[in-house]
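Asker:
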Amino acid sequence: MFENQQRDDVEALMKADAEFRRLYQHHRQLDSKVHDADIGVLPIDDVTLAGMKKEKLLAKARLERMWADRVHLIH
């Protein structure tokens, strides 16, 4: 996520906004768990996995809105 953004810009927002930082880290943790479940390393039932995927998407959407709001404030 935010691969097309400058790493320095993402890090600056993480330092400036505790909610963004928390949500970004939460998304990364979910992404790792979902990946591990998908490849069979993390044994998890389908219902839990589906919930984790939904939560991950919601976190991503919120992060993207926060990023867009930041860009609008700058320009």
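Each residue of the sequence shown is one higher than the one before, counting from 600 in my numbering.
In this text, a Cβ means the ideal position worked out from N, Cα and C, and glycines have one as well.
Owing to the predicted nature of the structure, the values given are computational and were not obtained by experimental measurement.
Excluding sequence positions up to five away, which residues of its chain have a Cβ less than 7 Å from the Cβ of M651?
Answerer: Within the same chain, M651 has close Cβ partners L629, K632 and V633.
Asker: Quick check on the DSSP output: the alpha helix (DSSP H) that includes Q628 runs from which residue to which?
Answerer: A617 to D637 is the span of the alpha helix (DSSP H), which, as asked, contains Q628.
Asker: Would the beta-carbon of A612 fall within 7 Å of that of R669?
Answerer: A quick correction: the sequence has Leu, not Ala, at residue 612. Closer than 7 Å, so yes.
Asker: Any idea what DSSP makes of D607, helix, strand or coil?
Answerer: Of the three classes helix, strand and coil, the one that applies to D607 here is helix, per DSSP.
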